[in-house]
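Peer 1: Counting in the working numbering, the final residue of the sequence shown is number 82, and the numbers go up one at a time with none missing.
Backbone N, C-alpha and C fix where the C-beta goes; we use that ideal spot for every residue, glycine too.
Here it is, the structure, as structure tokens.
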Amino acid sequence: MFGVVTSDDYQPVAWMGRYPIHTPTLLVIGHVACMVFACFLLAFGAGGVLDLLMFDSAQVVSGGRIWQLATYAFVHPPSAL
2 MFGVVTSDDY QPVAWMGRYP IHTPTLLVIG HVACMVFACF LLAFGAGGVL DLLMFDSAQV
62 VSGGRIWQLA TYAFVHPPSA L
């Protein structure tokens, strides 16, 4: 478009050496790390920890587990792994 200045929206959030690190890359790394962590929890019989992190609206409202609002995006039910 005419008169539009280029935006800085596509700038990397960090650099690793000379390689740029963008936000989607960090999100993918976070999801993969959480899936590997969940697999280890299930393998060692500590799958109950996942119940504390998975989102359940009743637990958030009545149980006060507000951290589930932040952790639900990274923790998936074991059947999805």
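1. Anyone know if the C-beta pair for residue 88 and residue 54 falls short of 7 Å?
2. Where DSSP assigns a beta bridge to residue 22, which residues make up the other side?
3. Would you give the residue range spanned by the alpha helix (DSSP H) that residue 1 belongs to?
4. So does the stretch 13-20 actually touch the stretch 30-38, counting three or more Cβ pairs closer than 8 Å?
5. State buried or exposed for residue 76, treating a residue as buried only when at least 16 other CB atoms are found within 10 Å of its CB.
Peer 2: From the atom records:
1. This structure does not reach residue 88, given that the chain is present from 2 up to 82, and the question cannot be answered.
2. 15
3. Here the chain comprises residues numbered 2 to 82, so residue 1 is not present and cannot be evaluated.
4. no
5. buried
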